[in-house]
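According to the working numbering, the sequence shown holds residues 54 to 230 in order. Working notes for the structure below.
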Amino acid sequence: MEWMISYQNRNVFLYCPLCSAKALKAHKKHAFYCPECGLVFYLNVAAAVVALVVDGQGRLVVTVRGQKPKQGMLDLPGGFVDPGESAEAALRREVREELGVEVGEMTYFGSAPNRYLYKGVHYATEDLAFVCQVPDLSGMQAGDDVRELLLVKPEEIDLNKFAFESVRGFLLKFLEH
Ligand SMILES: [Zn+2]
């Protein structure tokens, strides 16, 4: 899985972060190894959360990405889990930041791996999707890194406009039900 640590066929990390030797090598699936000092530095899979929020008329809350990567493409509310945070707490925080509303009950929906290219580095994520009840969507307002919020009828969802493979998969499964 060299894609995580190489970009356009060059290694993006050359120097050991511990001893500074220009000696880093790819190690196993998701780590670097420094033969000078023996450091093994892992790029572990990052947990991320995705919210499926439906309004009273059956429309799905869709976000327009305001920042790279995939700026301007469609996404669902969500983001990376912070260190020490549960997936549920991360989802409540992200929905609060991006939509300005509070999540009530949530039900685990499924997981999918994703690749997230940011500034030349590919990050491997595991995206955890939840169906979220939001009792009051009336005050919904785009915040944080969201440019715009859309309410989309299920039959009008165009999967090709969504930024990430994992989200397209969640939507496909969600729309089947
Ligand atoms: Zn080293």
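From the three backbone atoms N, C-alpha and C, an ideal C-beta is built for every residue, glycine too. The structure displayed is predicted, hence computed values, not measured ones.
Assign residue i to one of three DSSP states: helix, strand, or coil.
i	result
Val-248	Given a span of 54 to 230 for the chain in the structure shown, any question on residue 248 remains unanswerable.
Gly-132	strand
Pro-122	coil
Glu-155	coil
Please confirm whether any heavy atom of ligand 1 lies closer than 7 Å to the CB of residue i.
i	result
Leu-96	no
Leu-71	yes
Cys-185	no
Ala-84	no
Glu-89	yes
Leu-92	yes
Ala-74	yes
How far does the alpha helix (DSSP H) with residue i in it extend, from its first residue to its last?
i	result
Ala-143	140-152
Report the option in the options whose CA atom is closest to the CA atom of residue i.
i	options	result
Lys-214	Lys-123, Gly-111, Arg-200 and Lys-206	Lys-123
Val-116	Pro-166, Asp-189, Leu-127 and Gln-110	In the sequence on display, residue 116 carries Thr and not Val. Residue Leu-127 is the option with its Cα nearest to Thr-116.
Glu-229	Phe-217, Ala-216, Ala-74 and Glu-208	Glu-208
Leu-170	Lys-75, Ala-99 and Ser-191	Ala-99
Glu-150	Thr-160, Phe-85, Leu-181 and Pro-130	Pro-130
Leu-245	Glu-179, Leu-152 and Lys-172	Residue 245 lies beyond the stretch modelled for the chain, which goes from 54 to 230, so this question has no answer here.
Applying the 10 Å Cβ sphere with the 16-neighbour rule, what's the burial state of residue i?
i	result
Leu-263	The question about residue 263 has no answer, for the chain in this structure spans 54 to 230.
Val-103	buried
Gly-222	buried
Met-54	Legend: pLDDT at Met-54 = 45, less than 50; position of this residue unreliable, no value from coordinates given.
Asp-211	exposed
Asn-97	exposed
How far does the beta strand (DSSP E) with residue i in it extend, from its first residue to its last?
i	result
Leu-67	That residue, Leu-67, is in no beta strand (DSSP E); it is neither H nor E in DSSP.
Gly-222	Careful: Gly-222 lies outside any beta strand (DSSP E), inside the alpha helix (DSSP H) at 218-229.
Gly-163	159-171
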